[in-house]
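Trainee: Heads up: the sequence lines are chains A and B, in that order. UniProt numbering puts the first residue of the first sequence at 1, with every later residue one more than the last. UniProt numbering puts the first residue of the second sequence at 1, with every later residue one more than the last. Encoded as structure tokens, here's the structure I'll be asking about.
There are 2 protein chains.
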Amino acid sequence: MLKPSVLLLAGFAFLPAAAAAANVAKVVQHAAYKTSVATLDREHDRIVQDIVTLTEIPAPPFEEKARAAAYLDMLRAAGLADVEMDEEGNVMGLWRGSAPAGGPVVAIAAHLDTVFPAGTPIKVKREGNRLSAPGIGDDTRSLAVLLGYVRAMRAAGVRTGRDILFVGNVGEEGPGDLRGVRYLFGKGRYKDRIKTFLSMDGTDGKRIVNAGVGSRRYRVTFKGPGGHSYGTFGLVNPMTAMSQTVVDLYKIDPPKSPKTTYAASVTGGGTSVNSIPDQAFMEFDMRSVSAEALATLEKSFLGIVAAAVAGENKARSTREGPVVADPKLIGDRPAGGTAESSDLVKIARQAVAAHGLTPELTASSTDSNLPMSLGIPAITIGSGGSGGRAHSLDEWIDVEKGASLKGMLPGLTMLLALADLR
Amino acid sequence: MLKPSVLLLAGFAFLPAAAAAANVAKVVQHAAYKTSVATLDREHDRIVQDIVTLTEIPAPPFEEKARAAAYLDMLRAAGLADVEMDEEGNVMGLWRGSAPAGGPVVAIAAHLDTVFPAGTPIKVKREGNRLSAPGIGDDTRSLAVLLGYVRAMRAAGVRTGRDILFVGNVGEEGPGDLRGVRYLFGKGRYKDRIKTFLSMDGTDGKRIVNAGVGSRRYRVTFKGPGGHSYGTFGLVNPMTAMSQTVVDLYKIDPPKSPKTTYAASVTGGGTSVNSIPDQAFMEFDMRSVSAEALATLEKSFLGIVAAAVAGENKARSTREGPVVADPKLIGDRPAGGTAESSDLVKIARQAVAAHGLTPELTASSTDSNLPMSLGIPAITIGSGGSGGRAHSLDEWIDVEKGASLKGMLPGLTMLLALADLR
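The following block contains the structure:
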């Protein structure tokens, strides 16, 4: 039989703000919490060392294996149960609560992958409290902070009602297309047990991402017969159909609320200046915080592609063959959100405020998109401290102890509140 | 004092077809011509060997130096005077006629460069009479045939009234943009003396190119501030201005006569699917046999670029900066033609017909474009034999002796007719 507080978490719909505050207040006044914080404080240098160690293991999209293996060992060393790598490459370990085995789980995840291709120099450069290296803040610091939480909770003898699943997941960045969390919620062994999801991504401790910007991304390849620019002038040109697509897409005035956007972003094609090209491609990004608005935009877009191709085939000769377009979906992040009125957001705000920070609700595209799209309460939070230049070679974080610790505590606080600290 | 026949050549405007025929008939009946032909016949294998030797010396655009140096030595060995390499890299030697030094010159040129980049395998593969290698027919065979002419004329004791300049020129292919002949007629030491120009390019012995298709080629780079596709949606996008340019260009219905064409051919740009690009480029090719029609088209095109940029800056936000376009001229081949009624074309037709072939007048874009644009009579002729797949890795020629010799003779005949065979 599930305990009442477990039932409350699973539904979690009608917790008044006062109750959330009480929940959070209970955590921050708890002796085991205070001991955990003292451990985090004492272990600061070890967390920094873990950040460096993990950052220097390359983890390009689809090549997270080496870092995943190292993180698996670290999760095991931290004392978690059931440590494993799933078929997609995610690694995880379970913090057992006192509830009967197999009940609801609070999951907290940081992503293993970086945007940087194999061969990118990733040696960490340290200048005082400033550490620079590709991927160090997005999202390697979070991986180390989760380990810090586990060790601190163990050292303090923390007891929770619910199980907590600590995850290092693959596939958050662009081409990974959320494959890690997609597996976690679609096929993984905890797929029906995760009732609350926290993604720790980026550093800002006061930021709470509760709106998931969905995206649909296409690479459209336009093909035609090609030919000599002078000798076969008058034949259809795939470049023209492609250009018409861009022009017509940019005539769309998308809703400002729910915010919906598009972009013609990357292009290439053609062989020589004196040839009608036989093919060219364009990549398109479409986003919205509303799944419905995104679907409407996508439908318009695909109609525009078809009309542009038809128009070109009508405007010029198809005697050597027509222009055709092949729109290939290369990115699919579902839109979704976790309501401000939800218990999860209430607790998160209280946990941030409890540490003297002003919570900021925001929209972004993160691993939380996936559970949000499934109706599972999910938010994305920060790992603490500060940082910048994510996705660039001069990415950096600041690991000054005071700010780092302060920024780490909202996450620990909400995690323990959600997991029913005993 | 110039001899009457020299004056005739310099003006060369009112030679009736009958006179051209008589001129050509005089050549083909001349004993020295017949001896020259016998020498070409006897030296067939040597010409083939020269083709192989020269083909196997790489000559990418702007890297013709090694082949030019080898050809320089061969021109000298063939017995020409004043053998030299000019500052542009063209190599040449003078066949002295009996007229006083410094008078009008008939120039015959083959181009040294191929379209193939450094590192392309260029070993000649021989199967019977079929020789395959990149550049072998376009235009290496012509280089060897010119050497054959010189040796045969020397062996036969040919005497001409006028000087003949034998040239191996650089820069005929695409990026070279006619830099070799541009120098020859603009700065070279013979620039004011060349009154008739023959380009030997390609193999077909019956083809006479007397219309030069002019081209103006642009690479237009469109730049803007760029930004995050979602976070900064609404900013101007250079991709849109570029696409509008293509769409509007393709609304132009250019004249069919004089034939005028355009193409949007090569494109690239953008950094990632989720970014508004900060730049993209498109290459455009415009051509016409009429310099005036080409200029009209070019003016329209540049107007379209400017309007597309202005339209984009009006349609979206320029708060982070506007879209700008930088149209860079990357190709400029002047249009021109040598009239069918000109003495040069009359003599060329007679010379082709004298060897049992049916002359074919055609339009193309070759080194002759440049002198044509200056009003200097110029045509492009073939080196003989057959060939195919020019500009491809499996380019080939056939060197069967009968067809090769037959195809070589129109060139020699018209050359000697133009140079006033004595």
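Here a beta-carbon is modelled for each residue, glycine too, at the ideal position from N, C-alpha and C.
By the three-class DSSP mapping on this structure, what secondary structure does residue 248 of chain A have?
Mentor: Residue 248 of chain A falls in the helix class under three-state DSSP.
Trainee: When the Cα atoms are used, what is the spatial distance from residue 44 of chain A to residue 411 of chain A?
Mentor: Going by the C-alpha atoms only, they are around 16 angstroms apart.
Trainee: On the DSSP bridge list, what partners appear for residue 235 of chain B?
Mentor: Answer is B:317.
Trainee: Identify whether residue 44 of chain B lies in helix, strand or coil by the three-state DSSP scheme.
Mentor: In this structure, residue 44 of chain B counts as helix in the three-state DSSP scheme.
Trainee: Measuring only between beta-carbons, confirm whether residue 394 of chain A sits less than 9 angstroms from chain B.
Mentor: Output row for residue 394 of chain A: interface = no.
Trainee: Tell whether a beta-carbon distance below 9 angstroms holds between residue 90 of chain B and residue 184 of chain B.
Mentor: Their beta carbons are under 9 angstroms apart, which means residue 90 of chain B touches residue 184 of chain B by this criterion.
Trainee: Please state whether DSSP places residue 160 of chain A in a helix, a strand or coil.
Mentor: Residue 160 of chain A: strand per DSSP, three-state reduction.
Trainee: How should residue 195 of chain A be labelled, buried or exposed, when 16 other C-beta atoms within 10 angstroms of its C-beta is the threshold for buried?
Mentor: By the 10 Å Cβ count, residue 195 of chain A comes out buried.
Trainee: According to a CB-to-CB cut-off of less than 7 angstroms, which residues of the stretch 283-300 of chain A neighbour chain B?
Mentor: Within the stretch 283-300 of chain A, the qualifying residues are 283, 285 and 287.
Trainee: To the nearest whole angstrom, what separates the beta carbons of residue 387 of chain A and residue 408 of chain A, a pair I think is in contact under 8 angstroms?
Mentor: So it is not a contact: roughly 13 angstroms between Cβ atoms.
Trainee: So what does residue 94 of chain A bridge to, in DSSP terms?
Mentor: Residue 94 of chain A is bridged to A:81 and A:165.
Trainee: Considering just the uninterrupted stretch of the beta strand (DSSP E) at residue 183 of chain B, what are its terminal residues?
Mentor: Premise fails: residue 183 of chain B lies in the alpha helix (DSSP H), 179-186, not in any beta strand (DSSP E).
Trainee: Can we say the stretch 243-259 of chain A touches the stretch 162-182 of chain A, given the rule of at least three CB pairs closer than 8 angstroms?
Mentor: The answer is no - the stretch 162-182 of chain A does not touch the stretch 243-259 of chain A, with fewer than three Cβ pairs under 8 angstroms.
Trainee: So, with DSSP's three-state summary, where would you put residue 369 of chain A?
Mentor: Residue state, collapsed to three classes: helix.
Trainee: Identify which residue in A:199, A:292, A:403 and A:210 has its Cα closest to the Cα of residue 130 of chain A.
Mentor: Here the closest residue by C-alpha is A:403.
Trainee: Can you give the beta carbon distance from residue 150 of chain A to residue 226 of chain A, rounded, assuming they're within the 8 angstroms contact cut?
Mentor: Not quite, the Cβ-Cβ distance comes to about 59 angstroms (not below 8 angstroms), so this is no contact.
Trainee: For chain C, check one thing: does any of its Cβ atoms lie closer than 9 angstroms to the Cβ of residue 237 of chain A?
Mentor: Absence of chain C from the displayed structure is noted, the protein chains being A and B.
Trainee: Between residue 268 of chain A and chain B, is there a C-beta pair that is closer than 9 angstroms?
Mentor: By this cut-off, residue 268 of chain A is an interface position.
Trainee: Should residue 322 of chain B be flagged as near chain A, meaning a C-beta pair shorter than 9 angstroms?
Mentor: No, no contact with chain A.
Trainee: What do you reckon, are the CB atoms on residue 148 of chain A and residue 47 of chain A nearer than 9 angstroms?
Mentor: It is a contact, given that the beta carbons lie within the stated cut-off.
Trainee: Would you be able to state if there are at least three C-beta pairs under 8 angstroms between the stretch 96-103 of chain A and the stretch 353-372 of chain A?
Mentor: Taking 8 angstroms as the limit for Cβ pairs, the verdict is that the stretch 96-103 of chain A does not touch the stretch 353-372 of chain A.
Trainee: With 16 other CB atoms within 10 Å as the buried threshold, where does residue 375 of chain B fall?
Mentor: That one is exposed.
Trainee: Measuring only the C-alpha atoms, how far is residue 400 of chain B from residue 200 of chain B?
Mentor: Each residue's alpha carbon lies about 19 angstroms from the other.
Trainee: Would you kindly work out how many angstroms separate the C-alpha atoms of residue 259 of chain B and residue 272 of chain A, rounded to a whole number?
Mentor: C-alpha separation (whole angstroms): 21 angstroms.
Trainee: Smallest Cα separation from residue 311 of chain B: which of B:237, B:19 and B:93?
Mentor: Checking every option, the nearest Cα to that of residue 311 of chain B belongs to B:237.
Trainee: In the DSSP assignment, what residue or residues form a beta bridge with residue 262 of chain A?
Mentor: Beta-bridge pairing links residue 262 of chain A to A:286.
Trainee: Who are the Cβ neighbours of residue 320 of chain A in its own chain at under 6 angstroms, not counting the five residues just before and after it?
Mentor: The residues are 225 and 235.
Trainee: From what residue to what residue does the alpha helix (DSSP H) around residue 145 of chain A run?
Mentor: That run of the alpha helix (DSSP H) goes 141-155.
Trainee: State yes or no: is the beta carbon of residue 376 of chain B nearer than 9 angstroms to at least one beta carbon in chain A?
Mentor: False, the Cβ-Cβ gap to chain A never drops below 9 angstroms.
Trainee: Output yes or no for whether 9 angstroms exceeds the beta carbon distance between residue 397 of chain A and residue 207 of chain A.
Mentor: No, the Cβ-Cβ distance between residue 397 of chain A and residue 207 of chain A is not below 9 angstroms.
Trainee: Compare the Cα-Cα distances from residue 88 of chain B to each of B:125, B:74, B:113 and B:99 and report the closest residue.
Mentor: Nearest option by C-alpha distance: B:113.
Trainee: With which residues is residue 332 of chain B paired in a DSSP beta bridge?
Mentor: DSSP output for residue 332 of chain B lists B:216 as bridge partner(s).
Trainee: Check whether the Cβ atoms of residue 338 of chain B and residue 276 of chain B lie closer than 9 angstroms to each other.
Mentor: Not closer than 9 angstroms, so no.
Trainee: State the beta-bridge partners of residue 327 of chain A as determined by DSSP.
Mentor: Per DSSP, A:220.
Trainee: Taking buried to mean at least 16 other C-beta atoms within 10 Å of its own C-beta, is residue 229 of chain B buried or exposed?
Mentor: When all chains shown are included, residue 229 of chain B counts as buried.
Trainee: Taking the alpha-carbon of residue 119 of chain A as reference, which of A:261, A:83, A:164 and A:56 has the nearest alpha-carbon?
Mentor: Comparing Cα-Cα distances from residue 119 of chain A to each of A:261, A:83, A:164 and A:56, the minimum goes to A:56.
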